[in-house]
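Working notes, structure below.
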Amino acid sequence: MDPVTTARQAVDALGTDALQRAGAYTTGSEWIAGWELVVAFLIAWLLLRSRLLARLWMRWERRSTLVRTFGVCTVYIIASALLALPWSLYTEWWREAHYGRTSQPLGDHLFQAGLSLLLSAVILGLFLTGVYFFLHRARERWWLWSSGLAALGLVVVLLLSPLLIEPLFNQYQPLGDGPVRQALEQQAATAGIPADRLFVYDGSRQSNNFTANVSGLGPFARIAISDVALHGASLEEVRAVTGHEIGHYVLGHVWRTVVVLSLLALVVFYAVHRLFAPAARCLGTNEPLASPAGLPVLALLASVLMFTVQPFSNWLVRVGETEADQYSLQTVNLPDAMVAALLKTAAYRNPRPSALEEALFYSHPSVERRVRAALQWKADHPGSKIGRVEKAP
Ligand SMILES: [Zn+2]
């Protein structure tokens with residue numbers, strides 16, 4: 070067997086229609102990422118022109134600086150989300166439903182989007198208040214302190230997310246008794262993960278995507294499999310996918326993410342420090358960097374910079390994904406099941422992007438590349454018996 074040819078044939082076997090649809094969906098998502106910047110620009114321009122934040126800042130003059138800052142920041146977060154609502158409804162709900170990626174009723178989607186907006190108004194509002202605090206106190210070094218705060222905030226959110234945030238959006242339950250639970254418990258035990266860290270969640274509420282994830286940090290870390298993946302896959306496929314997630318867990322990828330995102334925050338904040346004045350001039354405002362009334366400029370600059378550094382962060386995430394795939398192959402050794410599971414994700418990620426497209430936009434290596442790697446593993450380990458346990462009854 071030649072892994073390259075076999076991988077190409079496996080992807081071809083999805084059919085021209087499915088491949089075209091996946092290609093259209095993925096290319097559309099990439100254009101959306103670019104258009105987001107235009108939307109962000111329009112929102113910043115509108116908010117600055119309305120002078121809404123500047124007027125609130127003046128009106129709340131008698132309040133303490135921290136309360137005033139928090140107030141203006143939360144108003145900004147809510148106002149910009151409301152202004153972007155038609156766009157986010159199109160990209161996050163209508164288009165997803167059109168491509169069959171979600172079956173969530175509009176009412177439920179709006180309810181959960183409102184909940185998520187409320188949460189980010191509080192969490193992001195507190196974070197931005199901290200940033201403005203440093204802009205006043207640390208002045209020239211505010212970007213250094215703010216990136217430290219970003220790292221701390223990220224750790225706190227990741228730590229508490231499985232306890233306080235995720236249960237607001239989905240139901241997480243221990244895996245039900247049966248062969249799947251038995252197999253996965255054994256897999257977890259081999260990796261030194263307590264069995265009570267394995268969950269199934271109603272991912273089908275928001276998405277029809279075949280998916281699983283690791284979330285949380287330290288004592289609260291857990292592996293969660295979407296009911297879509299659990300019900301739409303064979304036992305061996307679930308084992309291969311869980312092997313991948315256990316790989317992320319055991320290899321400590323979440324800590325790598327914390328370090329990388331904190332360093333990116335440092336770069337972005339420093340660039341904001343240098344570029345704020347010319348950006349504010351371009352947007353026709355003379356609000357200084359230290360004033361929360363200039364937040365639309367700061368936020369727009371940060372979005373443009375985050376977009377610019379994304380190829381780099383994507384590359385690092387792809388390295389982690391490759392490692393997790395290899396971990397699964399090494400520990401459960403189910404390359405064929407891995408291939409079958411990967412092909413199920415091709416509906417929402419063009420399995421055969423151009424090299425440039427993959428480098429710029431892909432947070433996971435392309436499906437064809439991953440299938441090829443699994444088949445290469447199979448070819449390199451012909452006699453291996455790891456993981457070839459008894460089949461489900
Ligand atoms: Zn992964």
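When you line the sequence shown up against the working numbering, it's residues 70 to 462, in that order.
Every residue gets a Cβ at the ideal spot worked out from N, C-alpha and C, and that includes glycine.
**Asked** Residues with a Cβ closer than 6 angstroms to any heavy atom of ligand 1, in chain order?
**Response** 313, 317, 390, 393
**Message:** Taking the beta carbon of residue 457 as the centre, do at least 16 other beta carbons fall within 10 Å, making it buried, or is it exposed?
**Reply:** For this step, residue 457 is matched to residue 388 along the sequence shown. Note that residue 457 has pLDDT 47, beneath the 50 cutoff, so the model's placement of it is unreliable and the number below is only indicative. The residue is exposed, with fewer than 16 neighbouring Cβ atoms inside 10 Å.
**Message:** Could you check whether residue 397 and residue 313 sit closer than 8 angstroms to each other, using their CB atoms as the reference points?
**Reply:** If you number the sequence shown from 1, residue 313 lands on position 244. If you number the sequence shown from 1, residue 397 lands on position 328. Taking 8 angstroms as the Cβ cut-off, residue 313 and residue 397 qualify as a contacting pair.
**Request:** Could you tell me the distance, in whole angstroms, from the CA atom of residue 287 to the CA atom of residue 228?
**Result:** One-based indexing of the sequence shown puts residue 287 at position 218. One-based indexing of the sequence shown puts residue 228 at position 159. Roughly 7 angstroms separates the two Cα atoms.
**Message:** For residue 266, would you say it is in contact with chain B, using Cβ-to-Cβ distances shorter than 8 angstroms as the test?
**Reply:** Of the protein chains in the structure, only one exists, and it is not chain B.
**Prompt:** Using the C-alpha atoms, what's the distance from residue 278 back to residue 186?
**Reply:** Reading the sequence shown from its first residue, position 117 is the one you call residue 186. Reading the sequence shown from its first residue, position 209 is the one you call residue 278. In a straight line, the C-alpha of residue 186 is about 23 angstroms away from that of residue 278.
**Message:** In whole angstroms, give me the CA-to-CA distance for residue 245 and residue 215.
**Reply:** If you number the sequence shown from 1, residue 245 lands on position 176. If you number the sequence shown from 1, residue 215 lands on position 146. Distance between the alpha carbons of residue 245 and residue 215: 44 angstroms.
**Request:** Would you decide whether residue 390 is buried or exposed? Buried here means 16 or more other CB atoms lie within 10 Å of its CB.
**Result:** Position 321 of the sequence shown, counting from 1, holds the residue named residue 390. With 16 or more Cβ atoms within 10 Å of its Cβ, residue 390 is classed as buried.
**Request:** Taking 8 angstroms as the cut-off, decide whether the C-beta atoms of residue 149 and residue 112 are in contact.
**Result:** The sequence position of residue 149 within the sequence shown is 80, counting from 1. The sequence position of residue 112 within the sequence shown is 43, counting from 1. Yes, these two residues count as a Cβ contact at 8 angstroms.
**Prompt:** Straight-line CA distance for residue 436 to residue 127?
**Reply:** As a position in the sequence shown, residue 436 is number 367, starting the count at 1. As a position in the sequence shown, residue 127 is number 58, starting the count at 1. Cα to Cα, the separation comes out at about 54 angstroms.
**Neighbour-count burial assignment, residue 139, 16 or more Cβ in a 10 Å radius** = Within the sequence shown, residue 139 is the residue found at index 70, counting from 1. Residue 139 is buried by the Cβ-count criterion.
**Item:** Whole-angstrom distance between residue 438 and residue 408, CA atom to CA atom
**Value:** In the sequence shown, residue 408 corresponds to position 339, counting from 1. In the sequence shown, residue 438 corresponds to position 369, counting from 1. Cα to Cα, residue 408 sits roughly 11 angstroms from residue 438.
**Request:** Grab the span of the alpha helix (DSSP H) containing residue 181 for me, first residue to last.
**Result:** Walking along the sequence shown from the start, residue 181 turns up at place 112. Taken as a continuous stretch (DSSP letters only), the alpha helix (DSSP H) holding residue 181 covers 175-206.
**Asked** At what residues does the alpha helix (DSSP H) containing residue 101 begin and finish?
**Response** Locating residue 101 in the sequence shown gives position 32, counting from the first residue. Counting along the chain, the alpha helix (DSSP H) containing residue 101 begins and ends at 85-119.
**Asked** Do the CB positions of residue 311 and residue 297 come within less than 8 angstroms of each other?
**Response** Residue 311 sits at position 242 when you count from the first residue of the sequence shown. Residue 297 sits at position 228 when you count from the first residue of the sequence shown. Result no, Cβ atoms of residue 311 and residue 297 do not sit closer than 8 angstroms.
**Request:** Assuming residue 309 and residue 410 form a contact by the criterion Cβ under 8 angstroms, report the distance between their Cβ atoms to the nearest whole angstrom.
**Result:** Here residue 309 refers to the residue found at position 240 of the sequence shown. Here residue 410 refers to the residue found at position 341 of the sequence shown. Contact flag correct, Cβ pair sits at about 6 angstroms.
**Prompt:** By how many angstroms is the C-alpha of residue 353 removed from the C-alpha of residue 205?
**Reply:** The residue you call residue 205 lines up with position 136 of the sequence shown. The residue you call residue 353 lines up with position 284 of the sequence shown. When rounded, the distance between both Cα atoms is 23 angstroms.
**Request:** Please confirm whether residue 412 and residue 115 have their CB atoms less than 8 angstroms apart.
**Result:** Residue numbering aside, residue 412 sits at position 343 when the sequence shown is read from its first letter. Residue numbering aside, residue 115 sits at position 46 when the sequence shown is read from its first letter. No, the pair does not count as a contact, with Cβ atoms beyond the cut-off.
**Asked** Hey, would you say residue 18 sits closer than 8 angstroms to residue 331, going by beta carbons?
**Response** A query on residue 18 cannot be resolved here, the shown segment of the chain reaching from 70 to 462 and no further.
**Prompt:** What residue from 238, 249, 224 has the CA that sits closest to residue 285's CA?
**Reply:** Reading the sequence shown from its first residue, position 216 is the one you call residue 285. That would be 224, whose Cα lies nearest to the Cα of residue 285.
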